[in-house]
Amino acid sequence: MVSNVVKQEQRDFEQTFSEYPYSTQELQKILVNKSTDYLQSTFQSVHHLTSALFSSKLTGLSEQQVIASRSTYGKNRVEPPPPTPFYKLMLDAIADLTMIILIVASIVSIILSTTLMDPAELEWIDGVAIMVAVVIVVMVTSCNDYSKEKQFRKLNAVKNDKLIKVLRDGVQTQVSIYDIVVGDVVLLETGDQIPADGVIMQSTDLKVDESGMTGESDEVKKSDAKPFLIGSCLVTHGSAKLLVTSVGAHSIFGEILLTLQENEEDTPLQEKLDDLAKIISYFGVGAAVLVFLALIIKFWVAGKQSDPTNYIEFVKYFMLAVIIIVVAVPEGLPLAVTISLAYSMKKMLTDQCLVRKLESCETMGSVSNICTDKTGTLTLNQMRVQQAVVGKSNFNNQNFTQINPSSQKMLNLISSVCSTAQLVEKSNTGLQNQNTSTTDVVGSKTEGALLILSKQLGCDYNEYRAALTVGDNSEGALAKKNEFTSDRKRMSVILDAQAYKLQIGFQKRYIALCKGASEIVLRRCTSYLDGDQVKQLSQEVKQMYEQQIVQFANQSLRTLILAYREVDQLPENPEDIEEELTLVGLVGIMDPLRPGVPEAISNCQGAGITVRMVTGDNLLTAIAISKDAGIIPTDATESDLKKMAITGPEFAKMSDEDAIMLIPTLRCMARSAPKDKYRLVCLLKSQNMVVAATGDGSNDAPQLKAANVGLAMGIAGTEVAKEASDIIIMNDNFCTIVRAIEWGRTVTANIRKFLQFQLTVNVVALVIAFLGSAVLNESPLTSIQLLYVNLIMDSLGSLALATEGPSKDVLHAEPVHKSASLLTPGLIRNILIISCYQILILLLMLFEATGDALCGIPAELMPDPATLKANEILEYAEIRVKYRYTCIYNFFIFSQLVNMFSCRRINNELNVFEGIFTNMMFSAILIITVIVQIIIMLVPGISDIFKIYDCSATALIPCVPAVSIARITPLTWGICILLALGCFVLHFIGRLSIKLPKEFKVSDKRIAKDIARLAKKAEEKKKKEEKEAEKEALKKNKLQ
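Just so we're aligned, residue 1 is where the sequence shown starts under the UniProt record's numbering, counting upward by one.
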């Protein structure tokens, strides 16, 4: 609670200062100059500056002052560069070389067709149609780019947001980094990111990493002599209170951001696709050149060069060649990657998984090993003390109040002062409008469990902490802090008993209050508190505590020991005070498993992913939790456990060769330090494994960086860990990690689906265009038809297939290594089968191999050849060819739509309709494409553009092409659709009859080979040592 003195101080501030005396520029110079002389000459002192900003070291700002500060000094936000205007996106799309060539060619075509030929022949339609198609392609491309940029801007806004601990109205709370204002008092701890520029109000052993701003790689020690803290830098050690002096664009980091604009880098998958696209493009260019040459040769052989009006044919040939290149160049591949990544990132964010680095989204699909923490990831991180041993007595959560009052007092003191956590009471309205309250912990959940225990004992931890205040220093009675680290496994504070305002009954000047890992602190204890007396810690009592630690650990309880020591003088080395401690009590803290964790781990194991728990808990607790989670089998024998579980110190002593031999069976590492986690990750990667590693502490940054995918915890994670990570698990839940793996696999699967669809279209279109041009002097698929196919294939196809969600069997296969080719055996099989089928049908139609059975004009509409004149016979023959081309086009489009269905499943799955209604984008695109195809085939005017020809009797009897009414018979419609559905038949036959070779999987085979090699090496070494030992023994015998 805030004292009356503090409240009066707050009122005095509000009454004394009616306006801010310093400008933004004056405050900005504090960090620009980094001069204590400027600080003193302009602001007198940090204390005076604090008062001038209407703030207080003890209470921070009030809500009214926050509003006033924000209106005066601005927001803590640097506005991103404005989005690219839509017209610029259109200009970028038009600037593509192929688009420019098509525009020029269409203009030339329009000019030649209107000047050299009769406009009534409608030859100008080709040029106009090409121009319209270019406009549509440019618009679609621009819309896709605009949507992509908008999506990534939203994701970046979420990614950069953070919660910052501040003092507001005398209460510690958390606010968004964007809500920080000048005058805020920010509470910084190890691992925090400094949210804005400011100066230190008070600090304890503060060190900061400023390498990102100054280039200085060493940690910078901060103190009253060097009180300047730069926004965006990271606290690597100690704690501090920061007075914010500059925010947003006025901070040093903000000014730098204004001059920078992030450039998007290609992900590995995009680079792989770019390489593949180049290869495909070479084939497309080759096909286009061959088609163009074939048509030119045919033109000269036919002697058409003598008539100038035929020169427009050159333009048509050139446009056809360019469009073949447009169709062949798979510009839809990068678009598919972008759409799939953006869609997956959005869905992952919904699943509480924030992707910081784009490539990690796809890498998650190749993960074969997960090194996970326990607390908060596998467990709920809702810690409560369940059992305790105080003196020689055992207690549980039903009778904690029966603990001796003297022991209670020490437990409360250590829990309150040796802690930075806060308890927050929240009111909830339940059923029948009953008001209930819950207790939330801000800060360390372990420390929160001890505070809740103190609360159960009737203690108000704020009273113990308020007694630390000396003057305006809220921690004035603290002489020293020994921070908790993963290596030390303990923390302590040194209390100056003379300055401490509560009378606890200490006999000496300084009191060290310590808490930490049970077996580590127990080794440092020489006495224990038994009631009101301090007694020698005999071997018998020590063994009793050791047995209780084992018992608690076997119940999956996390064990801590609380202890203290009194001294008259502080040792030179502050850590030396943590020796000869007096044991106050042992507590067992329950942290239950998260719901769904055992099932998630089982799913990982079924997907060929090995889950390893790496924790700071003792070995027995770690084994018990691992069994509950399913990481270690519940029926594992003692000999099994020796291979599956190990402690960090034991692992550190092992050579790399021995550690690699242990890896296949290792599932749990207890009492591990960050360096142990880092080494484990590096060893796994050396065995060609793709590793995801979780972390929450600042010391976890090296392993997060080393892992293929670093996963930081969003709730318990420090800013140092988050900055080092690739993905932030916002709810700290292991199940979210599994969901991220599903989406990672889905990204790669969706790209392969689209790749199968596009390559099938490419192969079929290029083969038919080339053969038609070479043999029949023209492509059966016109330029505008090919451009329309390209639109379906690139833009609509990528939207339909790249937005597929995870299938139910996505975790039923082993992970595929990230270096594996995108063209899998299954993909190649599917492309060859469907392409060959479509090409066969199209060739039969093209060369009338079956007469009029497939796409001939119905007999009842055919005129009597005997009644036709010579010129009418030629016209009739031309009509039959054009009608056949119309059928070819109709079959080609519908076969691609059917193939789009088949591409939804690319391995041996038979049911391509599974989950079809869960992807509304796919269904909508399919329906729209079918409707558009019907319109193209039936609606006059539009069908003219696409060169669709009529077979009605009124058109055929006069023997003139009817471009005003476009219609093919119902029978022909049925034949085209039925033949297109044949792709389904081939889909089933191919999957049932052709066995696929295995892809390059990530498995233990590589490790098995290495183990065999290392075992052989170890055996040879052993034999060599035995021989040397025999020689030494013989020498000794001879000497004797």
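The C-beta atom is built at its ideal place from N, Cα and C for all residues, glycine as well. What you are looking at is a predicted structure, and each value in this text was computed from that prediction instead of being measured.
Would you tell me roughly how many angstroms separate the C-alpha atoms of Val-301 and Asn-777, rounded to the nearest one? Their backbone Cα atoms lie some 11 angstroms apart in a straight line.
Mapping the DSSP letters down to three states, classify Leu-457 as helix, strand or coil. Coil, per DSSP.
Return helix, strand or coil for Tyr-837, following the three-state DSSP convention. In this structure, Tyr-837 counts as helix in the three-state DSSP scheme.
Give a yes or no on whether the C-beta atoms belonging to Leu-276 and Leu-641 are separated by under 8 angstroms. Against a cut-off of 8 angstroms, the Cβ pair of Leu-641 and Leu-276 comes out as no contact.
Can you give, in chain order, each stretch of the beta strand (DSSP E) that sits fully within the region 168-206 and has at least 3 residues? Runs of the beta strand (DSSP E) inside the region 168-206: 171-176, 185-188.
Taking Leu-91 as the reference, which of His-47, Thr-141, Ser-56, His-48 has the closest Cα? If we check each option's Cα against that of Leu-91, Thr-141 comes out closest.
Compare the Cα-Cα distances from Asn-396 to each of Leu-557, Val-244, Leu-49, Ser-344 and report the closest residue. Between Asn-396 and the set Leu-557, Val-244, Leu-49, Ser-344, the nearest pair of CA atoms involves Leu-557.
Identify, in the order they occur along the chain, each residue of the same chain with its Cβ nearer than 6 angstroms to the Cβ of Arg-612, setting aside the five sequence neighbours on each side. Counting only Cβ-Cβ distances below 6 angstroms, and skipping sequence neighbours, we find Cys-371, Arg-667.
Can you tell me which of the three DSSP states residue 1045 falls into? Outside the displayed range of the chain (1 to 1040) lies residue 1045, so it cannot be described from this structure.
DSSP three-state label for residue 1088, please. A question about residue 1088 goes unanswered here, because the residues of the chain that appear run from 1 up to 1040.
Straight-line CA distance for Leu-704 to Ser-251? Ser-251 has its alpha-carbon roughly 29 angstroms from the corresponding atom of Leu-704.
Would you please verify whether the beta carbon of Met-364 is less than 8 angstroms from any beta carbon of chain D? No chain D is part of this structure, which consists of one protein chain only.
Is Gly-982 helix, strand or coil by DSSP? If DSSP states are grouped into helix, strand and coil, Gly-982 belongs with the helices.
If you follow the alpha helix (DSSP H) that Phe-552 is part of, which residue opens it and which one closes it? 539-554 is the span of the alpha helix (DSSP H), which, as asked, contains Phe-552.
Would Ser-725 pass as a contact of Ala-712 if the rule is Cβ separation under 8 angstroms? With contacts defined as CB atoms closer than 8 angstroms, Ser-725 and Ala-712 qualify as a contacting pair.
Comparing C-alpha positions only, which one of Pro-815, Asp-487, Ser-626 sits nearest to Ala-652? The shortest Cα separation from Ala-652 among Pro-815, Asp-487, Ser-626 belongs to Asp-487.
Taking DSSP's pairing of strands, which residues face Ile-728 in a bridge? Answer by DSSP bridge pairing, in chain order: Leu-354, Ala-712.
Following the continuous beta strand (DSSP E) through Asn-762, name the residue where it begins and the one where it ends. Looking at the DSSP string, Asn-762 is not in any beta strand (DSSP E); the run it does join, the alpha helix (DSSP H), is 734-776.
Reference Met-900, options Ile-945, Cys-887, Ser-835, closest by Cα: The shortest C-alpha separation from Met-900 is found at Ser-835.
Between which residues of its own chain and Ile-833 is the CB-CB distance below 6 angstroms, once the five residues before and five after are set aside? Here the set comprises Leu-986, Gly-990.
On the DSSP letters alone, give me the boundaries of the beta strand (DSSP E) that Lys-480 sits inside. Its beta strand (DSSP E) spans residues 478-482.
Taking buried to mean at least 16 other C-beta atoms within 10 Å of its own C-beta, is Met-920 buried or exposed? Within 10 angstroms of the beta-carbon of Met-920 lie fewer than 16 other beta-carbons, which makes it exposed.
Out of Ala-328, Pro-80, Val-326, Glu-362, state which residue places its alpha-carbon closest to the alpha-carbon of Thr-338. For the residues Ala-328, Pro-80, Val-326, Glu-362, the minimum Cα distance to Thr-338 belongs to Glu-362.
Between which two residues does the alpha helix (DSSP H) carrying Ile-916 extend? It is not in any alpha helix (DSSP H) - Ile-916 carries neither H nor E in the DSSP assignment.
Out of Thr-350, Ser-407, Gly-254, which has the shortest C-alpha to C-alpha gap to Ile-504? Relative to Ile-504, the option among Thr-350, Ser-407, Gly-254 whose CA is nearest is Ser-407.
If contact is defined by three or more beta carbon pairs under 8 angstroms, each pair taking one atom from either stretch, is the region 805-813 in contact with the region 317-329? These segments do not touch.
Would you say Ile-729 and Ile-741 are within 8 angstroms of each other, going by their C-beta atoms? The answer is no: Cβ separation not under 8 angstroms.
What are the boundary residues of the beta strand (DSSP E) that includes Asn-573? Neither: Asn-573 is in no beta strand (DSSP E) and is coded neither H nor E.
Taking all protein chains shown into account, do 16 or more other C-beta atoms lie within 10 angstroms of the C-beta of Pro-958, making it buried, or fewer, making it exposed? Caution is warranted here: a pLDDT of 46 is assigned to Pro-958, below 50, making its placement in the model unreliable, and the coordinate value is therefore given only provisionally. Pro-958 counts as exposed, since fewer than 16 other C-beta atoms from the protein chains shown sit within 10 angstroms of its C-beta.
Tell me, please, whether the region 578-587 touches the region 516-529 by the rule of three or more beta-carbon pairs shorter than 8 angstroms. Yes, since at least three Cβ pairs between the region 578-587 and the region 516-529 fall closer than 8 angstroms, the two stretches touch.
Cβ neighbours of Tyr-317 in the same chain (closer than 7 angstroms, five flanking residues each side left out): Take Tyr-317, set aside five residues on each side of it, and the residues of its chain with a beta-carbon closer than 7 angstroms to its own are Phe-292, Leu-295, Ile-296, in chain order.
Can you round the beta-carbon distance between Gln-422 and Gln-756 to whole angstroms, since I take them to be within the 8 angstroms contact cut? Contact flag wrong, Cβ pair sits at about 55 angstroms.
Exposure of Phe-988, with buried meaning 16 or more beta-carbon neighbours within 10 Å: Label assigned to Phe-988: exposed.
Cβ pair Ser-783, Ile-130 closer than 8 angstroms: Yes, Cβ-Cβ distance for Ser-783 and Ile-130 is below 8 angstroms.
Can you list the beta strand (DSSP E) stretches of 3 or more residues lying completely in the region 648-710, in chain order? The region 648-710 contains these whole beta strand (DSSP E) runs: 668-670, 691-695.
I'd like to know whether the C-beta atoms of Ile-200 and Ile-180 end up nearer to each other than 8 angstroms. Result no, Cβ atoms of Ile-200 and Ile-180 do not sit closer than 8 angstroms.
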